[in-house]
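Encoded as structure tokens, the structure appears first; notes follow it.
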Amino acid sequence: MATQRKQIVIVDDDETLLKLLTYEFHNIGFEVKTFVLGKPALDFLSVEKNLNDVALVILDRILPDMDGIDILKKFTQMFPKQVPVLILSVLADEQNVLTGLNLGAVDYVAKPFSVFLLLQKALHLLGLK
36 MATQRKQIVI VDDDETLLKL LTYEFHNIGF EVKTFVLGKP ALDFLSVEKN LNDVALVILD
96 RILPDMDGID ILKKFTQMFP KQVPVLILSV LADEQNVLTG LNLGAVDYVA KPFSVFLLLQ
156 KALHLLGLK
């Protein structure tokens, strides 16, 4: 069953990457909400009504104020399986990938990455491909 939700939340401190992903997701019909810091992202994701239209969270591991794994842990404890989380990180060794997946991420994409591949994975996760 394909999602009817139309918002992607992206948490990454690379503003150029945020602009690129916002542009690409807009082109395929999604609204995008971005955060460069973990705390405001976690505050947003901690309010259930904010999630009503969120189809996917894309989360970096290395943020200026916290590790994305801490966001993942708290978010999946509060709202298990409500919104899929895809991790996008330079921390891509086997242990980091397994940690992310074991804590509830549905996929883990290593940086540097193909934007086309990321979009395809996102659409697949949302049942749109």
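Here the sequence shown stands for residues 36 to 164, where the numbers follow my numbering. Beta carbons: idealized from backbone N, C-alpha and C, even for Gly. None of these values were measured; they are calculated from a predicted model.
Classify residue i: buried if its beta carbon has 16 or more other beta carbons within 10 angstroms, exposed otherwise.
i	result
methionine 36	Residue placement at methionine 36 cannot be trusted, given a pLDDT of 42 that sits under 50; what the coordinates show is reported in the next sentence. The residue in question, methionine 36, is exposed, as its Cβ has fewer than 16 Cβ neighbours within 10 Å.
serine 168	The displayed coordinates of the chain run from 36 to 164. Any statement about residue 168 would go beyond what the structure contains.
isoleucine 122	buried
leucine 152	exposed
glycine 135	buried
With the cut-off set at 7 Å, would you say residue i and residue j are in Cβ contact?
i	j	result
lysine 156	aspartate 142	yes
valine 89	valine 44	yes
aspartate 48	leucine 98	yes
valine 150	glutamate 59	yes
lysine 74	aspartate 105	no
phenylalanine 110	leucine 158	no
Please identify the residue among the options whose C-alpha is closest to the C-alpha of residue i.
i	options	result
leucine 91	Leu72, Val118 and Lys108	Val118
leucine 86	Phe114, His159, Asn62 and Glu59	Phe114
alanine 76	Ile63, Glu50 and Gly103	Gly103
arginine 96	Thr111, Gln112 and Leu72	Leu72
glutamate 83	Gln112, His61, Leu126 and Ala127	Gln112
phenylalanine 70	Leu152, Asn62 and Leu56	Leu56
glutamine 42	Lys54, Gly135 and Gly64	Gly64
phenylalanine 148	Leu52, Gln39 and Leu158	Leu52
glutamate 50	Met101, Lys68, Gln39 and Leu154	Lys68
leucine 107	Ala140, Gln130, Leu158 and Lys146	Ala140
serine 154	Glu129, Asn62, Arg40 and Gln39	Per the sequence shown, residue 154 should be read as leucine rather than serine. Nearest option by C-alpha distance: Asn62.
In chain order, each beta strand (DSSP E) run of at least 3 residues that lies wholly inside the region 43-73
66-70
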